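Visitor: Chain order of the listed sequences is A and B.
Numbers 1 to 247, taken from our numbering, label the letters of the first sequence in order.
Numbers 248 to 494, taken from our numbering, label the letters of the second sequence in order.
Don't be surprised by glycine CBs; every beta carbon is placed ideally from N, CA and C.
Here the structure is a predicted model, which means the values were calculated and not measured.
Number of protein chains: 2
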Amino acid sequence: MTYTPRTRLFVEASLAAGAAVEASEGQAHYLSHVMRAKAGEDVALFNGRDGEWGAKVAFPSKRRVQLDVGEKLREQTVTPDVWLVFAPVKRIEFLVEKATELGVRALHPVFTRRTTIGRVNLARLSAHCMEASEQSDRLSVPELSDARPFFDFLAAWPQGRRLYFLDETGGGAPIAQVLAKANADADVKSPCAFLTGPEGGFDQSELDALRRLPFATPVGLGPRILRAETAALAALACWQAFCGDWV
Amino acid sequence: MTYTPRTRLFVEASLAAGAAVEASEGQAHYLSHVMRAKAGEDVALFNGRDGEWGAKVAFPSKRRVQLDVGEKLREQTVTPDVWLVFAPVKRIEFLVEKATELGVRALHPVFTRRTTIGRVNLARLSAHCMEASEQSDRLSVPELSDARPFFDFLAAWPQGRRLYFLDETGGGAPIAQVLAKANADADVKSPCAFLTGPEGGFDQSELDALRRLPFATPVGLGPRILRAETAALAALACWQAFCGDWV
């Protein structure tokens, strides 16, 4: 059987030949009313574990949409182990969408001293992550954590994960140098994270703390001032190009 | 005299000690009503030719704002010679803003076969470029041309400028390889351009034409599908990091 899906959907359920997956309310609405799918229409499903599967849309009752799983289309791949740890910014939805396209494994919002956004709407961001994953052909959705105070997050930093912080004060080595060193140290496949500050940057106490951390490396992104979201995306793109899965 | 400008402004006029520059209507409004500047307030001025200068705000009459130029703050630098040639997309303003931050020298919109945007508002985009230049600490504003048909633009391609086109069909070498080759060929400082298609990608005739051009190189950006604007920004960031002025 060949599948020509117009739609990719992330599901929680396990995927295997013959499985019947219940579409969520949002997915049912999307398939019925946006895509105007008919019974038998092809979709592609992924769950972050079992690869990508072709499935057929079925309507067992008026309000339910079922996805009848057929053949595996792609084997599951492993997303490179890079995180984005970021102070929420005004354009947070944009940031999350782009970071998802650029293949981050996890997104961790943190409240720094100068963060002006007081609250992160996790449900909404999570929907954005899912949609960007579906559209970008990812086989997984990035993990998205609840926003935490910056210093709490640092205190619980996982062993063995390098932290690259984007140092807008000019204290960091150029990113090409930093990534070349990671390559030379055969450190490429080690877990890492990029950290970006809020619109107003890190404050002095935060920079001091970062500079004392043995697992943290300051990184520079050239002579211009980049907005927080631009810096995050630029750094992720460079990392994927030189250490990640674009190589 | 020391200057602590809160505002950077792009001006057309020549800049030299003692010059009096007339603020544009928009700048006068911004200084008076948004920044609530008082006489004597510091601003920084640049024009893309004479470096960055400190100046003082003056109000010679009720509706006029004059900028009295004092000392040079920074020497003019040369922006790396990279262009972005792009099919207009829905998020064109975002694309232009980010490309400006990432230091492109020129922005050239082109209409490809699958471009769905019929018209580019040049005045509006130009204002976006200027604002992004002011905020990103650039000493120049990118050149922005009127949108032209894609094949016309290719036909008038300038000699000696390499064209990297983002090939979403997977036909390109990974960008790290392409940039490493440019470095090895000592081609780094040569003029170049990145080309991105519209949301629906290039059509076959466009890809065929691009593949026949001796000055064009297809470039790949990994296994995920990137939106047009994400691809453009990712490619520019990688280029600046490895061949441009982030090195």
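Which first and last residues belong to the beta strand (DSSP E) in which A305 (chain B) is found?
Guide: Segment 299-305, the beta strand (DSSP E) holding A305 (chain B).
Visitor: Between V57 (chain A) and V21 (chain A), which are expected to be in contact by the criterion C-beta below 8 Å, what is the C-beta distance as a whole number of angstroms?
Guide: V57 (chain A) to V21 (chain A), Cβ: 11 Å. No contact.
Visitor: What residues of chain B sit near I175 (chain A), judged by a beta carbon separation below 7 Å?
Guide: Chain B residues near I175 (chain A): A488, W493.
Visitor: Counting along the chain, where does the alpha helix (DSSP H) carrying Q27 (chain A) start and finish?
Guide: Note, Q27 (chain A): alpha helix (DSSP H), 25-29.
Visitor: Is the CB-CB distance between P325 (chain A) and V110 (chain A) below 8 Å?
Guide: Summary: the structure shown does not reach residue 325 (chain A), with chain A confined to residues 1 through 247, and so no result is reported for it.
Visitor: Counting only beta-carbon separations shorter than 8 Å, does R105 (chain A) have a partner in chain B?
Guide: It does not: the Cβ of R105 (chain A) has no partner Cβ on chain B nearer than 8 Å.
Visitor: Looking at the secondary structure, which residues open and close the beta strand (DSSP E) in which W486 (chain B) lies?
Guide: Unbroken run through W486 (chain B) is the alpha helix (DSSP H), 475-489; no beta strand (DSSP E).
Visitor: Can you tell me the Cβ-Cβ gap for L372 (chain B) and E340 (chain B), rounded? I've got them flagged as a contact below 8 Å.
Guide: Right, their Cβ atoms sit about 7 Å apart.
Visitor: With a threshold of 6 Å on Cβ separation, who are the neighbours of Y3 (chain A) within its own chain once the five nearest residues in sequence on each side are excluded?
Guide: Once the five neighbours on either side are set aside, the close Cβ partners of Y3 (chain A) are D42, G54.
Visitor: Output needed for A28 (chain A): all residues of its chain with C-beta closer than 8 Å, excluding positions within five of it in sequence on either side, in chain order.
Guide: Once the five neighbours on either side are set aside, the close Cβ partners of A28 (chain A) are R63, R64, V65.
Visitor: Going by other Cβ atoms of all chains shown within 10 Å of its Cβ, with 16 needed for buried, is K285 (chain B) buried or exposed?
Guide: The residue is exposed, with fewer than 16 neighbouring Cβ atoms inside 10 Å.
Visitor: Against chain A, does A263 (chain B) count as a neighbour if the rule is that its beta carbon must be under 8 Å from one of theirs?
Guide: By this cut-off, A263 (chain B) is not an interface position.
Visitor: For F194 (chain A), which residues of its own chain have a beta-carbon under 6 Å away from its beta-carbon, when the five flanking residues on both sides are left out?
Guide: The residues are L84, Y164, A235.
Visitor: Leaving aside the five residues before and after A216 (chain A) along the sequence, list all residues of the same chain whose C-beta is less than 7 Å from its C-beta, in chain order.
Guide: If we look at A216 (chain A) and ignore the five residues flanking it on each side, its Cβ neighbours are L163, F165, L210.
Visitor: Does the Cβ-Cβ distance between T477 (chain B) and F333 (chain B) come in under 8 Å?
Guide: Their beta carbons are not under 8 Å apart, which means T477 (chain B) does not touch F333 (chain B) by this criterion.
Visitor: Pull up the CB-CB distance for L122 (chain A) and G48 (chain A), whole angstroms please, since I reckon it's below 8 Å.
Guide: 18 Å between Cβ atoms; not a contact.
Visitor: Within the 8 Å Cβ cut-off, does I225 (chain A) reach chain B?
Guide: Judged by the 8 Å Cβ criterion, I225 (chain A) is in contact with chain B.
Visitor: Taking only beta-carbon atoms, is S383 (chain B) less than 8 Å away from chain D?
Guide: In summary, chain D is missing from the structure at hand, where the protein chains are A and B.
Visitor: So, does the CB of T477 (chain B) fall closer than 8 Å to a CB anywhere in chain A?
Guide: At least one chain A Cβ lies under 8 Å of T477 (chain B).
Visitor: Quick check on L410 (chain B) - is its C-beta less than 8 Å from some C-beta in chain A?
Guide: No, L410 (chain B) does not count as interfacial toward chain A.
Visitor: Per the DSSP calculation, H355 (chain B) is bridged to which residue(s)?
Guide: Answer is B:V332.
Visitor: Which whole runs of the beta strand (DSSP E) in the stretch 419-455 of chain B are 3 residues long or more, in chain order?
Guide: Listed in chain order, the complete beta strand (DSSP E) runs (minimum 3 residues) inside the stretch 419-455 of chain B are 439-443.
Visitor: V367 (chain B) and L354 (chain B) - do their beta-carbons sit closer together than 8 Å?
Guide: Not in contact: L354 (chain B) and V367 (chain B) (Cβ atoms no closer than 8 Å).
Visitor: So who's on the other strand from Y411 (chain B), going by DSSP bridges?
Guide: DSSP, once it has assigned bridges, lists B:F441, B:T464 as partnering Y411 (chain B).
Visitor: When you compare the CB of E348 (chain B) with every CB in chain A, is at least one pair closer than 8 Å?
Guide: Closer than 8 Å to some Cβ of chain A, the Cβ of E348 (chain B) qualifies, so yes.
Visitor: Along the chain, where does the beta strand (DSSP E) containing R321 (chain B) start, and where does it finish?
Guide: R321 (chain B) -> beta strand (DSSP E) spans 313-321.
Visitor: In terms of residue numbering, what span does the beta strand (DSSP E) encompassing V494 (chain B) cover?
Guide: It is not in any beta strand (DSSP E) - V494 (chain B) carries neither H nor E in the DSSP assignment.
Visitor: Counting along the chain, where does the beta strand (DSSP E) carrying T254 (chain B) start and finish?
Guide: Note, T254 (chain B): beta strand (DSSP E), 254-257.
Visitor: Rounding to the nearest angstrom, what Cα-Cα distance links S133 (chain A) and S61 (chain A) in this structure?
Guide: Distance between the alpha carbons of S133 (chain A) and S61 (chain A): 29 Å.
Visitor: What residue range is occupied by the uninterrupted beta strand (DSSP E) comprising L349 (chain B)?
Guide: Careful: L349 (chain B) lies outside any beta strand (DSSP E) and carries neither H nor E.
Visitor: If the cut is a Cβ gap below 7 Å, which residues of chain A does A403 (chain B) touch?
Guide: Correct list: empty, because the minimum Cβ distance to chain A is about 29 Å.
Visitor: Give me the Cα-Cα distance between L207 (chain A) and R227 (chain A), rounded to the nearest whole angstrom.
Guide: One C-alpha to the other measures close to 18 Å.
Visitor: 8 Å is my cut-off, CB to CB: does A44 (chain A) come that close to chain B?
Guide: Chain B contact via Cβ: absent.
Visitor: At a Cβ cut of 8 Å, what residues of the stretch 75-103 of chain A count as close to chain B, listed as they run along the chain?
Guide: Listed by position along the chain: T77, F94, K98, E101, L102, G103.
Visitor: Relative to the C-alpha of A156 (chain A), which candidate in A:P142, A:L213, A:Y30 has its C-alpha closest?
Guide: That would be A:L213, whose Cα lies nearest to the Cα of A156 (chain A).
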